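Chemist: Sequential numbering of the sequence shown, starting at 1, is according to our numbering. Backbone N, C-alpha and C fix where the C-beta goes; we use that ideal spot for every residue, glycine too. Bear in mind the structure is a predicted one, so any value in this text is a computation, not a measurement.
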Amino acid sequence: MDERVLQAMLPYFTQHFGNPSSINHHYGWEAEAAVKKARETLAEAIHATPEEIVFTSGATEADNLALKGVAEAYFSKGRHIITLATEHNAVLDPCEYLESLGFEVTYLPVQGDGLVDLAELEQAIRPDTILVSVMAANNEIGVLQPLVEIGAVCREHEVLFHTDAAQAIGKIPLDVEAMKIDLMSLTAHKVYGPKGVGALYVRRRQPRVRLSPQLHGGGQERGMRSGTLYTPQIVGFAKAVELGLEEQETQSKRLLGWRDRLYSQLSQIEGVHLNGHPTHRLPGNLNISVENVDGSALLLGLQPVMAISSGAACSSVTTAPSHVLMALGHSESLAYASIRFGLGRFTTEEEIDTVAKHAIATIQALRSAQAMSYR
Ligand SMILES: *Cc1c(COP(=O)(O)O)cnc(C)c1O
1 MDERVLQAML
11 PYFTQHFGNP
21 SSINHHYGWE
31 AEAAVKKARE
41 TLAEAIHATP
51 EEIVFTSGAT
61 EADNLALKGV
71 AEAYFSKGRH
81 IITLATEHNA
91 VLDPCEYLES
101 LGFEVTYLPV
111 QGDGLVDLAE
121 LEQAIRPDTI
131 LVSVMAANNE
141 IGVLQPLVEI
151 GAVCREHEVL
161 FHTDAAQAIG
171 KIPLDVEAMK
181 IDLMSLTAHK
191 VYGPKGVGAL
201 YVRRRQPRVR
211 LSPQLHGGGQ
221 ERGMRSGTLY
231 TPQIVGFAKA
241 VELGLEEQET
251 QSKRLLGWRD
261 RLYSQLSQIE
271 GVHLNGHPTH
281 RLPGNLNISV
291 ENVDGSALLL
301 GLQPVMAISS
311 GAACSSVTTA
321 PSHVLMALGH
331 SESLAYASIR
341 FGLGRFTTEE
351 EIDTVAKHAI
361 ATIQALRSAQ
371 AMSYR
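(1) Determine whether the beta carbon atoms of Ile352 and Arg281 lie at a separation below 8 Å.
(2) Let me check understanding here. Comparing Cα to Cα, which of Gly28, Lys37 and Ala240 lies closest to Arg4?
(3) Taking 7 Å as the cut-off, does the CB of Gly276 come closer than this to any heavy atom belonging to ligand 1?
(4) Is the closest heavy atom of ligand 1 to the C-beta of Thr86 under 7 Å?
(5) Please list the terminal residues of the continuous alpha helix (DSSP H) segment that includes Asn64.
(6) What span of residues does the beta strand (DSSP E) with Tyr107 cover, start to end?
(7) Taking the continuous alpha helix (DSSP H) assigned at Val235, which residues delimit it?
(8) How is the beta strand (DSSP E) around Gly198 delimited, first residue to last?
(9) By alpha-carbon positions, which one of Ala188, Ile125 and Val153 ends up nearest to Ala62?
(10) Tell me whether the beta-carbon of Ala59 lies closer than 8 Å to the beta-carbon of Ala166.
(11) Applying the criterion that 16 or more other CB atoms from any shown protein chain within 10 Å of the CB defines a buried residue, is Arg259 buried or exposed?
(12) Are Val235 and Glu52 closer than 8 Å when you measure CB to CB?
(13) Determine the burial state of Pro213: buried for a count of at least 16 other Cβ atoms within 10 Å of its Cβ, exposed for fewer.
(14) Quick one, are the C-beta atoms of Ala124 and Ile82 less than 8 Å apart?
(15) Would you please state the rounded distance, in angstroms, between the beta carbons of Ser322 and Glu140? I believe it to be under 8 Å.
(16) Indicate whether Pro20 and Val35 have their beta-carbon atoms separated by less than 8 Å.
(17) What's the C-alpha gap between His238 and Leu215?
What follows is the structure, encoded as structure tokens:
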């Protein structure tokens with residue numbers, strides 16, 4: 001977390017500890033004012049209105065609320081949902097759950113560069129389609145889906161458009177009007193904010209999105225998400241997004257330069273390929289596949305220098321190969337021998353060169369050991 005985010009949060013743990021829903025005394029008022037300001041900041045960041053922001057515990061909850069909430073509210077209109085094979089599990093798993101209830105889900109494949117085929121998306125829309133859910137930026141390969149074009153297709157066919165923007169907020173410009181987005185999932189901890197807080201944007205006008213709440217109780221968040229609001233986390237979330245927007249341009253430039261420098265060093269060795277579109281991607285994301293090395297040996301070799309893990313943090317309990325890389329058409333062994341490098345606000349130039357040097361040495365050592373054992 002960014003130190004500036006922590007500083008913004010601290011007073012709301014002890015000094016201004018009121019419940020923002022307690023509107024009859026000054027403890028509540030202080031907290032309410034802070035939540036109101038945070039809501040405005042977040043709404044402004046995506047060109048929405050404050051009433052359209054529903055605070056949640058993160059993007060997983062926002063995705064669940066969007067998918068199940070729309071499915072429940074619109075099932076008499078239709079029971080078909082369209083999404084991508086490369087979505088995060090927070091979208092894919094609710095979709096599978098909805099299938100078990102009798103909904104139909106189309107999991108669109110992606111092209112070799114990780115992007116959706118717009119013609120294929122349009123063809124998949126049926127009279128009973130109620131929702132299209134396509135992520136803004138992929139968490140593994142960093143590719144940015146064409147939100148403006150997808151939004152236009154959905155609006156034309158009067159189908160709601162949800163996007164999981166957990167990886168995108170504060171990193172690339174987002175505009176729910178220009179992109180015709182009806183629901184958008186956000187989270188704080190991917191943009192140097194605290195864990196455990198996020199939001200769902202829910203469009204109120206043209207069209208007004210109906211949503212069945214998934215948590216019932218005190219009626220907070222206009223009944224769409226009950227539960228006492230977590231003031232410090234919400235303040236930190238807004239601060240993190242504010243900083244992300246302020247620094248978006250300078251950070252993007254800086255990370256792009258280093259990302260390209262890292263890749264140009266790594267790609268000097270044979271059999272290293274970039275995963276995902278070369279330019280339609282997050283500036284801080286580099287994902288490569290390495291031919292002719294064993295994935296688990298590569299992991300072990302890189303561990304002393306890098307904080308590296310197998311699979312996404314959200315699915316490292318499983319040992320299955322990445323469903324995203326498989327959707328790009330990779331073999332299982334190549335999917336295992338792939339690395340996502342994440343560059344961020346606190347990455348240094350020195351780290352880029354250290355990592356490049358170590359990764360190259362590791363790959364070369366593994367290959368020559370393999371060659372020896374074949375002899
Ligand atoms: C991290 C992530 C999530 C989950 O967000 P949480 O706030 O950790 O629940 C969902 N979708 C994407 C694309 C993510 O990167």
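Modeler: Put simply:
(1) Position 352 of the sequence shown, counted from the start, is the residue given in the question as residue 352. Position 281 of the sequence shown, counted from the start, is the residue given in the question as residue 281. Not a contact, by the Cβ cut-off of 8 Å.
(2) Along the sequence shown, read from residue 1 onward, the residue named residue 4 stands at position 4. Comparing Cα positions, the closest option is Ala240.
(3) Counting from one through the sequence shown, the residue named residue 276 turns up at place 276. False, no ligand heavy atom lies under 7 Å from that Cβ.
(4) In the sequence shown, counting from the first residue as 1, residue 86 sits at position 86. Checking every heavy atom of ligand 1 against the Cβ of Thr86, none is found closer than 7 Å.
(5) In the sequence shown, counting from the first residue as 1, residue 64 sits at position 64. Counting along the chain, the alpha helix (DSSP H) containing Asn64 begins and ends at Ala59 to Tyr74.
(6) Translated into the one-based positions of the sequence shown, residue 107 becomes position 107. Run containing Tyr107: Glu104 to Leu108, per the beta strand (DSSP E) assignment.
(7) Sequence index remark: in the sequence shown, residue 235 carries index 235 (1-based). It spans Thr231 to Glu246 - the alpha helix (DSSP H) in which Val235 sits, taken as one unbroken run.
(8) On the sequence shown, position 198 is the one that residue 198 refers to. Residues Gly198 to Val202.
(9) Within the sequence shown, residue 62 is the residue found at index 62, counting from 1. Of Ala188, Ile125 and Val153, the residue nearest in Cα terms is Ala188.
(10) Counted from its first residue, the sequence shown places residue 59 at position 59. Counted from its first residue, the sequence shown places residue 166 at position 166. Yes; because the gap between Cβ atoms is below 8 Å, this pair is in contact.
(11) Residue 259 sits at position 259 when you count from the first residue of the sequence shown. For Arg259, the number of other beta carbons within 10 angstroms of its own is at least 16, and it is reported as buried.
(12) As a working mapping, residue 235 is identified with position 235 in the sequence shown. As a working mapping, residue 52 is identified with position 52 in the sequence shown. Cβ atoms of Val235 and Glu52: not closer than 8 Å.
(13) To locate residue 213, count along the sequence shown from 1; it is residue 213. Result: buried.
(14) Sequence index remark: in the sequence shown, residue 124 carries index 124 (1-based). Sequence index remark: in the sequence shown, residue 82 carries index 82 (1-based). Judged by their CB atoms, Ala124 and Ile82 are nearer to each other than the 8 Å cut-off.
(15) Here residue 322 is taken as the residue at index 322 of the sequence shown, counted from 1. Here residue 140 is taken as the residue at index 140 of the sequence shown, counted from 1. Right, the Cβ-Cβ distance comes to about 6 Å (below 8 Å), so this counts as a contact.
(16) Start at 1 with the first residue of the sequence shown, and residue 20 comes out as number 20. Start at 1 with the first residue of the sequence shown, and residue 35 comes out as number 35. Pairing Pro20 with Val35 gives a Cβ-Cβ distance under 8 Å.
(17) What you label residue 238 is simply residue 238 of the sequence shown in a count that begins at 1. What you label residue 215 is simply residue 215 of the sequence shown in a count that begins at 1. Note that residue 238 corresponds to Ala in the displayed sequence, not to His. Looking at the two C-alpha atoms, the distance is approximately 23 Å.
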